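Student: The working numbering puts the first residue of the sequence shown at 9, with every later residue one more than the last. Positions of the beta carbon are idealized from the N, C-alpha and C atoms, including for glycine. Owing to the predicted nature of the structure, the values given are computational and were not obtained by experimental measurement.
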Amino acid sequence: MNNISGQLITGHCSCGVVHYSIEGDLKDARSCHCSMCRRIFSAQASACAEVDAEKFTWVSGRDNLQDYVGEKGYGIQFCKTCGSTMSIIYKDVIHSITLGGVNGDQGVEISRHIFVGSKASWEKMPEGVTQYDEYPPE
9 MNNISGQLIT
19 GHCSCGVVHY
29 SIEGDLKDAR
39 SCHCSMCRRI
49 FSAQASACAE
59 VDAEKFTWVS
69 GRDNLQDYVG
79 EKGYGIQFCK
89 TCGSTMSIIY
99 KDVIHSITLG
109 GVNGDQGVEI
119 SRHIFVGSKA
129 SWEKMPEGVT
139 QYDEYPPE
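(1) Would Gly19 pass as a contact of Val110 if the rule is Cβ separation under 7 Å?
(2) Span of the beta strand (DSSP E) holding Ile118?
(3) Which word fits Leu16, buried or exposed, when buried means at least 16 other C-beta atoms lie within 10 angstroms of its C-beta?
(4) Under the assumption that Tyr140 contacts Ile118 (Cβ atoms under 8 Å), give the Cβ distance between them as a whole number of angstroms.
(5) Give me the Cα-Cα distance between Lys127 and Arg47, rounded to the nearest whole angstrom.
(6) If you follow the beta strand (DSSP E) that Arg38 is part of, which residue opens it and which one closes it?
(7) What does DSSP give as the partner residue(s) for Val110 in the beta ladder?
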């Protein structure tokens with residue numbers, strides 16, 4: 009996994025209303041294949057990286073975000089205008105950002121695929137990728 013250190017990372021939604029910045033690292037880039045992520049992202053999986061909440065700032069458009077929180081306290085934030093999924097929150101605190109909204113090439117690599125045990129039947133995993141049926145062991 010690559011961590012990008014010591015730089016200002018920016019990102020925005022598809023329509024450009026919501027912008028954010030991060031002072032520091034993108035950590036633990038991963039792709040989740042659980043049924044919830046497949047539905048939320050309307051894709052075979054999510055692609056996210058963890059961030060330090062203290063180093064994350066909504067630069068503009070914070071009032072244009074909609075939160076959707078599931079029963080276990082995890083949720084997403086998406087742009088009310090264009091629907092771009094921007095971040096993952098846990099107990100109302102930013103936990104991760106979606107990699108599709110990050111500006112530029114940050115050198116991020118997906119280090120692991122999680123919840124592959126519940127992936128869609130039509131998805132074929134590439135050979136050689138690190139994958140776990142559920143959460144990886146700690």
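Tutor: Short version:
(1) yes
(2) Per DSSP, Ile118 belongs to no beta strand (DSSP E) and is neither H nor E.
(3) exposed
(4) Their Cβ separation, rounded to whole angstroms, is 13 Å, which puts Tyr140 and Ile118 out of contact at 8 Å.
(5) 11 Å
(6) Lys35 to Cys40
(7) Gly19
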